[in-house]
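Student: Sharing a structure below in structure tokens format, with a few things to ask.
Residue numbers (the numbering used here): 2 to 187.
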């Protein structure tokens, strides 16, 4: 499911950037390593998942569901928030171009903060994706990049909200009792 959601967003962003900047294939999935075997590509926008968390408001849902055939018990779906880091790795004379691309990413999500299946061809089983800009104070940003083990790059973080993962496996099936069957005693 993660791969489908990220693939969808990558395609949407690349289409937008191709129109805005005439640059194609500029978005790269990356682990942000600063080493010889680095996934970090020069003159690219690097997209990295930096955190995955369960949506707290949806964490404790009732596992029992009423159906026409009775009651089933199944584990409820897990709703996830995915934190996406968009960083630009442009050096020397291309540095300003990288900042321009970062501005276009912010503009893209300002215009397209919600992707709904009724308006977009979202991958199967994804009904809606919401994007929120994450604000981070400079001291937290410093710790953040240190924890990643990478050198700082101009970047922006977006929270992709409520990706649902549901195995849809039923644990038990129960017959619903509509009326108690009580024999009257005299």
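Backbone N, C-alpha and C define an ideal beta-carbon position, used for all residues, glycine too.
The model shown is predicted, which means the values in this text are computed figures rather than measured ones.
Run through the stretch 92-147 for me and flag every whole beta strand (DSSP E) of 3 or more residues, listed as ranges in chain order.
Tutor: Whole beta strand (DSSP E) segments, 3+ residues: 115-117 and 129-135.
Student: From the DSSP secondary-structure annotation, give me the bridge partner or partners of residue 5.
Tutor: The partner list for residue 5 (beta bridge, DSSP) is empty, contrary to what the question assumes.
Student: Counting pairs of Cβ atoms below 8 angstroms between the stretch 14-21 and the stretch 121-140, do you hit three or more?
Tutor: The stretch 14-21 is not in contact with the stretch 121-140.
Student: By DSSP, does residue 158 sit in helix, in strand, or in coil?
Tutor: Three-state DSSP puts residue 158 in a strand.
Student: For residue 81 and residue 162, what's the separation of their Cα atoms in angstroms?
Tutor: Rounded to whole angstroms, residue 81 to residue 162 spans 7 angstroms at the Cα level.
Student: Under 8 angstroms by Cβ, that's how I've got residue 15 and residue 28 pegged, so tell me the actual separation to the nearest angstrom.
Tutor: Yes, they are in contact, since the Cβ atoms of residue 15 and residue 28 sit about 5 angstroms apart, within 8 angstroms.
Student: Here's the rule I'm using: 16 or more other beta-carbon atoms within 10 Å means buried, otherwise exposed. How should residue 6 be labelled?
Tutor: Residue 6 should be labelled buried.
Student: If you pair each beta-carbon of the stretch 139-159 with each one of the stretch 92-111, do three or more pairs fall below 8 angstroms?
Tutor: They touch, by the three-pair rule.
Student: DSSP three-state call for residue 36: helix, strand or coil?
Tutor: A caution first: residue 36 carries a pLDDT of 48, below 50, which makes its placement in the model too unreliable to give a value.
Student: Per DSSP, what kind of secondary structure is residue 58 in: helix, strand or coil?
Tutor: Here residue 58 sits in helix by DSSP.
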